[in-house]
């Protein structure tokens, strides 16, 4: 007599959840067209510079009772997680001041990815950054709240609050934006454009700026890096501080040679609770010295690069 299929056999014949998801119609972002860099018009930066270098310190506020970037996994289950919270808090208490000294010494400009809560919690950072003529771009309200976790109404309110708070406390409205953890919804770019943001660093897919489509106004993508970035390099890949400094130099050297053909943008993405420590800042300083030893380099802010690109490459 034939055996009845077991309940286990029946369930095994169903499509796996991942297969069911893959059968859905793929979503396209529609924000830009494919553009191979070898087919684009040649870019020449000011004074014939081959590489435009922008440095992005991420200055952030973290909520005490929520997990975030960590140095010690063993404390993750603790609430409050004093070890990892205080490790991050070192950045705004000590690390940022060392970063300021290193950057000022080497003439490096900063375009700060700024949580707007920093304006209220750590106003001395804003005061000193303004003295150094740093540019401030939006980075959400805190790094404990991600954009993609918000409803449409919540996202609108969050972006509006971040922009208005930064404007009030720094004296200038932010022109750039980097989301916490580079998080977005399908509405983010349109909402940013509504709030007079004109460039974003969330899309890490190029070495030159490029225009993006938004419902109203204009938006440009600025090259940002998920690799030349101290969090993934030092925490994810476990590179040594010396190796991270060498990565910066290696990246620059190749872009400097490529820049003979057409201008490139190099981003250096930093967090004061990491590179602000003495044993890491030493190698950051060496990398900055290497970059500034070359002549055909443009040390610029995000807005300066975008403005040059619009005026000289798009005729706007």
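In our numbering, the protein residues as written are 69 to 384. Every residue gets a Cβ at the ideal spot worked out from N, C-alpha and C, and that includes glycine.
Quiz item: Does the beta-carbon of residue 338 have 16 or more other beta-carbons within 10 angstroms, so that it is buried, or is it exposed?
Solution: Its Cβ being crowded by 16 or more others within 10 Å, residue 338 is buried.
Self-check item: Beta carbon of residue 166 nearer than 7 Å to that of residue 281
Solution: Not a contact, by the Cβ cut-off of 7 Å.
Quiz prompt | Sufficient close CB pairs (3 or more, under 8 Å) joining the segment 124 to 138 to the segment 205 to 216 | solution = yes
Quiz item: With DSSP run on the structure shown, which of helix, strand or coil describes residue 271?
Solution: coil
Exercise. Alpha carbon to alpha carbon, how far is residue 199 from residue 344? Give it in angstroms, no decimals.
Key: 19 Å
Quiz prompt | Span of the alpha helix (DSSP H) around residue 223 | solution = 220 to 238
Exercise. Whole angstroms is fine: what's the gap from residue 152's alpha carbon to residue 186's?
Key: 18 Å
Quiz prompt | Alpha-carbon to alpha-carbon, residue 244 and residue 284 | solution = Rounded to the nearest whole angstrom, the C-alpha separation of residue 284 and residue 244 is 16 Å.
Self-check item: Closest Cα partner of residue 97 within the set 182, 104, 356 and 256
Solution: 256
Exercise. Note down the Cα distance separating residue 170 from residue 258, rounded to an integer number of angstroms.
Key: 37 Å
Quiz prompt | CB contact flag (residue 277, residue 287, <7 Å) | solution = Going by C-beta atoms, residue 277 is not nearer than 7 Å to residue 287.
Exercise. Compare the C-alpha of residue 182 against each of 374, 253 and 231 and name the closest.
Key: 231
Quiz prompt | Residue from 221, 371, 103 and 206 whose Cα sits closest to the Cα of residue 233 | solution = 206
Quiz item: Touching or not, the segment 364 to 378 and the segment 113 to 122, by the rule of three or more beta carbon pairs under 8 Å?
Solution: yes
Practice problem: Could you say if the segment 101 to 119 and the segment 325 to 337 meet the contact criterion of at least three C-beta pairs nearer than 8 Å? | Solution: yes
Exercise. Per DSSP, which residues does residue 349 bridge with? Please list them.
Key: Partner(s): none; residue 349 has no beta bridge.
Practice problem: Below 8 Å on the Cβ atoms is my guess for residue 312 versus residue 351; work out the distance and round it to an integer in Å. | Solution: 7 Å
Quiz prompt | Start-to-end residues for the alpha helix (DSSP H) that takes in residue 123 | solution = That residue, residue 123, is in no alpha helix (DSSP H); its beta strand (DSSP E) goes 119 to 127.
Quiz item: When every heavy atom of the ligand GTP is checked, does at least one fall within less than 6 Å of the C-beta of residue 316?
Solution: With respect to the ligand GTP, the structure shown offers nothing to examine, as it has no ligands at all.
Quiz prompt | Length of the line joining the Cα atoms of residue 147 and residue 168 | solution = Each residue's Cα considered, the two are about 32 Å apart.
Practice problem: Using three-state DSSP, classify residue 214 as helix, strand or coil. | Solution: DSSP, read as helix, strand or coil, puts residue 214 in coil.
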